[in-house]
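Chains V and A supply the protein sequences, listed in that same order. Numbering follows numbering that gives the first Met the number 0, in which position 277 of the first sequence is assigned residue number 276; successive positions increment by one, without gaps. Numbering follows numbering that gives the first Met the number 0, in which position 157 of the second sequence is assigned residue number 156; successive positions increment by one, without gaps.
2 protein chains.
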Amino acid sequence: MKAAILGYGTVGSGVYEVLQKNADVIEARSGERIDVKYVLDLREFPGDPAADVLVHDYECVVNDPEVRIVIETMGGVKPAYEFVRRALEKGKHVCTSNKELVAEYGSELLLLAKERKVNFYFEASVGGGIPIIRPLCECLTADRILEISGILNGTTNYILTRMYNEGADFNRVLKEAQGCGYAERNPAADIEGFDAGRKLAILASIVTGRRVEFGDVVTEGITGITAEDIRYARAMQAKIKLIASAVWEGESFYALVAPRMVAAGHPLYAVDDVVNAVMVRGNMLGNVLFSGRGAGKLPTASAVVSDVIQAARHADENTGLYWSGTRIVPESIRSMQSRYFVRTDAKNRQQAELLFPGLEQIDAGMEEEFAFLTGRMTEGEFAERVEELDRIYAGFRFES
Amino acid sequence: MKAAILGYGTVGSGVYEVLQKNADVIEARSGERIDVKYVLDLREFPGDPAADVLVHDYECVVNDPEVRIVIETMGGVKPAYEFVRRALEKGKHVCTSNKELVAEYGSELLLLAKERKVNFYFEASVGGGIPIIRPLCECLTADRILEISGILNGTTNYILTRMYNEGADFNRVLKEAQGCGYAERNPAADIEGFDAGRKLAILASIVTGRRVEFGDVVTEGITGITAEDIRYARAMQAKIKLIASAVWEGESFYALVAPRMVAAGHPLYAVDDVVNAVMVRGNMLGNVLFSGRGAGKLPTASAVVSDVIQAARHADENTGLYWSGTRIVPESIRSMQSRYFVRTDAKNRQQAELLFPGLEQIDAGMEEEFAFLTGRMTEGEFAERVEELDRIYAGFRFES
Chain V
0 MKAAILGYGT
10 VGSGVYEVLQ
20 KNADVIEARS
30 GERIDVKYVL
40 DLREFPGDPA
50 ADVLVHDYEC
60 VVNDPEVRIV
70 IETMGGVKPA
80 YEFVRRALEK
90 GKHVCTSNKE
100 LVAEYGSELL
110 LLAKERKVNF
120 YFEASVGGGI
130 PIIRPLCECL
140 TADRILEISG
150 ILNGTTNYIL
160 TRMYNEGADF
170 NRVLKEAQGC
180 GYAERNPAAD
190 IEGFDAGRKL
200 AILASIVTGR
210 RVEFGDVVTE
220 GITGITAEDI
230 RYARAMQAKI
240 KLIASAVWEG
250 ESFYALVAPR
260 MVAAGHPLYA
270 VDDVVNAVMV
280 RGNMLGNVLF
290 SGRGAGKLPT
300 ASAVVSDVIQ
310 AARHADENTG
320 LYWSGTRIVP
330 ESIRSMQSRY
340 FVRTDAKNRQ
350 QAELLFPGLE
360 QIDAGMEEEF
370 AFLTGRMTEG
380 EFAERVEELD
390 RIYAGFRFES
Chain A
0 MKAAILGYGT
10 VGSGVYEVLQ
20 KNADVIEARS
30 GERIDVKYVL
40 DLREFPGDPA
50 ADVLVHDYEC
60 VVNDPEVRIV
70 IETMGGVKPA
80 YEFVRRALEK
90 GKHVCTSNKE
100 LVAEYGSELL
110 LLAKERKVNF
120 YFEASVGGGI
130 PIIRPLCECL
140 TADRILEISG
150 ILNGTTNYIL
160 TRMYNEGADF
170 NRVLKEAQGC
180 GYAERNPAAD
190 IEGFDAGRKL
200 AILASIVTGR
210 RVEFGDVVTE
220 GITGITAEDI
230 RYARAMQAKI
240 KLIASAVWEG
250 ESFYALVAPR
260 MVAAGHPLYA
270 VDDVVNAVMV
280 RGNMLGNVLF
290 SGRGAGKLPT
300 ASAVVSDVIQ
310 AARHADENTG
320 LYWSGTRIVP
330 ESIRSMQSRY
340 FVRTDAKNRQ
350 QAELLFPGLE
360 QIDAGMEEEF
370 AFLTGRMTEG
380 EFAERVEELD
390 RIYAGFRFES
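Structure (structure tokens):
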């Protein structure tokens with residue numbers, strides 16, 4: 000079976016490498032040999048093993064009926080969307096690692112794949128190498144899914160882990176992470192929670208069977224987190240993690256990416272460094288956790304190739320991965336419930352105790368502050384009450 | 000689609016409950032309604048919701064052509080093997096939670112299922128509710144699997160967690176666990192590692208594609224673990240866990256269930272109480288971890304029902320889960336490499352330092368003992384050297 004790789008960057012060259020190095024096991028598991036007939040990239044790669052199959056024009060890929068599987072690893076929606084759409088229209092399977100593409104055009108491309116009896120797969124778009132899309136569709140099927148909460152962005156988890164270990168501020172760690180290539184020059188997509196938000200939109204679309212738009216996911220970034228916040232987290236035996244979370248209650252659901260205080264004992268507490276993890280809570284199953292090195296060239300490529308194998312196994316049928324184009328809008332998070340950690344000025348102590356009866360004081364040895372943990376209440380309730388306090392230094396949702 | 004449940008014990012009644020309570024999502028995901036036409040059990044269950052469909056004779060189940068899916072939750076091989084074989088021969092799909100059955104007759108039943116173009120599924124036989132069988136077969140397919148290590152037995156993990164938290168000896172905790180129903184009256188299958196060994200044999204069979212016999216898995220139990228061992232584990236910032244591990248090196252592999260010292264930072268270190276976890280290491284992927292509440296009525300039932308849904312989706316085809324009947328025997332663990340933790344008499348210090356140059360002394364405040372961690376060496380080498388020391392109080396493999 001002939002395949003083509005679109006984009007010979009980190010993931011694309013990783014896919015090429017996995018297909019070469021593990022050719023024997025891949026052939027055994029696919030039932031046939033997977034040959035890369037083309038690698039499409041605008042650049043030249045003299046001396047590279049893929050140089051022989053390198054092409055610069057998509058037309059020769061999309062118009063070659065021998066190519067049954069198109070592997071899209073370019074990233075971004077332009078021209079990836081156009082290329083993927085045309086491949087599906089020609090009856091080719093598409094496997095992609097491109098979360099922007101899936102978050103934005105997933106429902107359209109899934110429908111097209113279904114109509115043409117081919118598959119549009121994107122295991123690598125969420126959690127890199129960790130299997131989560133297929134387990135959600137084929138394993139966790141007996142349950143009503145109540146919650147998916149995950150650490151879906153390795154860069155921010157790396158930054159937060161270093162902040163925690165070193166008691167350091169966000170900006171210093173970000174600069175160092177940029178210096179050694181762990182964070183991008185323009186880090187907004189990671190640190191503002193957009194990347195995690197796109198991945199959450201994909202997972203929520205799978206669970207609800209309808210289109211969850213990234214723009215409807217509330218995102219809060221990690222840029223404001225300070226060394227003092229970390230000090231409190233330590234005092235609480237908690238860590239601050241950027242959690243992407245979708246919670247279902249009956250027909251409605253919430254979708255939020257935000258930094259949270261996560262207590263020791265919570266399944267995501269121990270997920271450090273560049274590790275990603277997805278926790279799924281079902282009404283029968285309880286919690287299951289999938290974790291591993293999310294990003295990275297070869298883990299991501301491994302997930303893409305697992306999709307290629309799946310496509311080869313189901314070369315003549317659509318396997319049913321699908322959500323409809325009908326948009327479903329998450330509830331306003333104002334009615335979402337949580338506990339909250341708040342740092343305020345020491346002079347607010349009495350007022351805080353009136354506003355939040357039963358609060359639990361947190362002592363991290365900073366005398367000029369009064370910090371506390373509230374009971375469970377809605378975001379709306381919390382916002383109203385906390386507004387009464389002046390000089391709020393920080394606030395985080397708390398998960399135990 | 001009509002199904003029959005064989006055995007109305009904990010898991011069987013859980014399956015019935017999941018099928019009733021989540022009927023709507025199950026129908027949506029299966030593409031059709033799953034009706035339980037029969038529940039087979041020798042006992043009566045007056046007033047139970049399943050009483051209406053209760054039968055006592057397997058003949059009426061196996062001879063009813065309307066029954067397309069047989070759900071076997073009796074446990075044990077007699078009469079489960081006979082019942083399952085006959086169901087497959089009649090062209091019925093079988094979903095089971097029965098690890099003894101799969102470990103002993105898996106290859107024969109898989110072949111039969113393949114010949115009859117039906118499916119023999121057993122997701123619940125390993126890790127209870129945690130998806131691991133299907134992810135291994137359908138997600139982690141691009142990788143050469145190098146290792147599977149897991150905490151596959153909830154009872155022993157519960158006992159070891161309590162021993163760790165309370166600094167208590169094995170026997171006391173076992174008695175209490177038996178008192179509250181966490182451990183069975185005859186606990187040998189759990190505490191001697193046989194249960195975990197059967198599950199490991201199943202996972203190893205899937206990975207190698209050949210029959211790995213339970214009898215060829217080396218098993219060491221947890222009965223000898225003392226409060227002093229725990230004290231040393233704490234001093235090393237480690238925990239003692241019963242680890243089931245298969246390690247592949249080229250064409251050969253090792254299979255061992257044994258208690259190990261697991262250092263903080265190891266993916267299995269944080270897996271406590273009745274939680275199960277399976278770590279899979281691939282040559283491209285690195286480590287991925289699947290964890291969750293393994294056992295328990297509803298989590299296990301959820302995994303069984305996910306198999307039922309898969310069978311309904313693939314009612315007319317075998318989906319390829321298979322290993323051949325050719326037996327593959329693991330290598331002798333004598334050539335397996337590890338580090339070792341040893342407790343010996345204080346008077347052996349000098350000799351130990353000669354036998355294990357570069358050893359790392361471990362101090363847990365017990366002056367009459369000399370305890371140390373060795374470098375990496377084979378089991379054979381270790382056994383030869385350690386034999387030179389008299390009065391060995393304990394020895395564990397060490398994982399970091």
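Built from N, CA and C at the ideal position, the CB exists for glycine as well. Note that the structure is predicted; figures quoted are calculated from it, not measured.
Which residues in the same chain have their Cβ closer than 7 Å to the Cβ of residue i, if we skip the five residues on either side of it in sequence?
{"i": "R230(V)", "result": "G166 and A363"}
{"i": "R133(V)", "result": "E122"}
{"i": "V117(A)", "result": "L87, G90, K91, H92 and N317"}
Measuring from the CB of residue i, is there a heavy atom of the ligand COA at a distance below 7 Å?
{"i": "K238(V)", "result": "Inclusion of the ligand COA in the displayed structure is not the case, the ligand content being empty and no account of it being possible."}
Which residue's Cα is closest to the Cα of residue i: the options?
{"i": "T72(V)", "options": "K91(V), S12(V), M260(V) and W247(V)", "result": "S12(V)"}
{"i": "I191(A)", "options": "Y7(A), L372(A) and E219(A)", "result": "According to the sequence provided, residue 191(A) is Glu. The question's Ile does not apply to it. Nearest of Y7(A), L372(A) and E219(A) to E191(A), Cα basis: E219(A)."}
{"i": "C413(A)", "options": "K36(A), A310(A) and K240(A)", "result": "The structure shown does not extend to residue 413(A), since chain A is modelled only from 0 through 399, so no value can be given for it."}
{"i": "E99(A)", "options": "A200(A), A311(A), R259(A) and L358(A)", "result": "A200(A)"}
{"i": "Y15(V)", "options": "G324(V), E352(V), A302(V) and G374(V)", "result": "A302(V)"}
{"i": "G127(V)", "options": "T377(A), M283(A), E352(A) and E366(A)", "result": "M283(A)"}
{"i": "G291(V)", "options": "R184(V), G149(V), R326(V) and T225(V)", "result": "G149(V)"}
{"i": "A300(V)", "options": "V341(A), D142(A) and L53(A)", "result": "D142(A)"}
{"i": "G264(A)", "options": "S399(A), P45(A) and D23(A)", "result": "S399(A)"}
{"i": "D389(V)", "options": "G6(V), M376(V), P298(V) and R348(V)", "result": "R348(V)"}
{"i": "R67(V)", "options": "R85(V), R326(V), F193(V) and L354(V)", "result": "R85(V)"}
{"i": "E107(A)", "options": "N170(A), S204(A) and D23(A)", "result": "S204(A)"}
{"i": "A262(A)", "options": "E26(A), L53(A), L372(A) and G324(A)", "result": "L372(A)"}
{"i": "D306(A)", "options": "E137(V), L151(V) and F369(V)", "result": "E137(V)"}
{"i": "E248(V)", "options": "L255(V), G295(V), M162(V) and E330(V)", "result": "E330(V)"}
{"i": "G281(V)", "options": "K296(V), V10(V), P298(V) and I144(V)", "result": "I144(V)"}
Does the separation of the CB atoms of residue i and residue j fall below 8 Å?
{"i": "R28(A)", "j": "T140(V)", "result": "yes"}
{"i": "D40(V)", "j": "A2(V)", "result": "no"}
{"i": "E146(V)", "j": "A245(V)", "result": "yes"}
{"i": "I158(A)", "j": "L135(A)", "result": "no"}
{"i": "A176(V)", "j": "A182(V)", "result": "yes"}
{"i": "I239(A)", "j": "L267(A)", "result": "no"}
{"i": "I129(V)", "j": "N275(V)", "result": "yes"}
{"i": "R209(V)", "j": "I131(V)", "result": "no"}
{"i": "K113(V)", "j": "Y321(V)", "result": "yes"}
{"i": "E367(A)", "j": "L358(A)", "result": "no"}
{"i": "E31(A)", "j": "M0(A)", "result": "yes"}
{"i": "V256(V)", "j": "I25(V)", "result": "no"}
{"i": "S153(V)", "j": "G8(V)", "result": "In the sequence as displayed, the identity of residue 153(V) is Gly instead of Ser. Contact: no."}
I need the straight-line Cα distance from residue i to residue j, nearest angstrom please.
{"i": "V385(A)", "j": "T95(A)", "result": "44 Å"}
{"i": "M335(V)", "j": "P64(A)", "result": "50 Å"}
{"i": "V83(V)", "j": "L110(V)", "result": "13 Å"}
{"i": "N164(V)", "j": "V273(A)", "result": "30 Å"}
{"i": "I361(A)", "j": "R233(A)", "result": "11 Å"}
{"i": "G374(A)", "j": "E380(A)", "result": "11 Å"}
{"i": "G6(V)", "j": "G178(V)", "result": "25 Å"}
{"i": "L53(A)", "j": "P45(A)", "result": "10 Å"}
{"i": "I308(V)", "j": "M376(V)", "result": "47 Å"}
Could you check where the beta strand (DSSP E) with residue i kicks off and where it finishes?
{"i": "D34(A)", "result": "D34 to L39"}
{"i": "E398(A)", "result": "I391 to E398"}
{"i": "G291(V)", "result": "G285 to R292"}
{"i": "R28(V)", "result": "Per DSSP, R28(V) belongs to no beta strand (DSSP E); it is in the alpha helix (DSSP H), A22 to S29."}
{"i": "G281(A)", "result": "V274 to G281"}
{"i": "C94(V)", "result": "H92 to T95"}
{"i": "S331(A)", "result": "Run containing S331(A): none; DSSP gives neither H nor E here."}
{"i": "R67(A)", "result": "V66 to E71"}
If I measure Cβ to Cβ from residue i and keep anything under 6 Å in the same chain, skipping five residues before and after, which residues do I get?
{"i": "F213(A)", "result": "A102, G196, R197 and A200"}
{"i": "V287(A)", "result": "V279"}
{"i": "D168(A)", "result": "T225 and A226"}
Looking only at its own chain, which residues have a Cβ that is under 8 Å from the Cβ of residue i, when we skip the five neighbours before and after it?
{"i": "A382(A)", "result": "R333"}
Using a Cβ cut-off of 8 Å (strictly closer), state whether residue i contacts chain B.
{"i": "R42(V)", "result": "This model lacks chain B altogether; the protein chains it does include are V and A."}
Would you mind reading off the limits of the alpha helix (DSSP H) that contains residue i?
{"i": "G196(A)", "result": "F193 to T207"}
{"i": "R232(A)", "result": "In the sequence as presented, Arg is not what sits at residue 232(A); that position holds Ala. Run containing A232(A): A226 to A234, per the alpha helix (DSSP H) assignment."}
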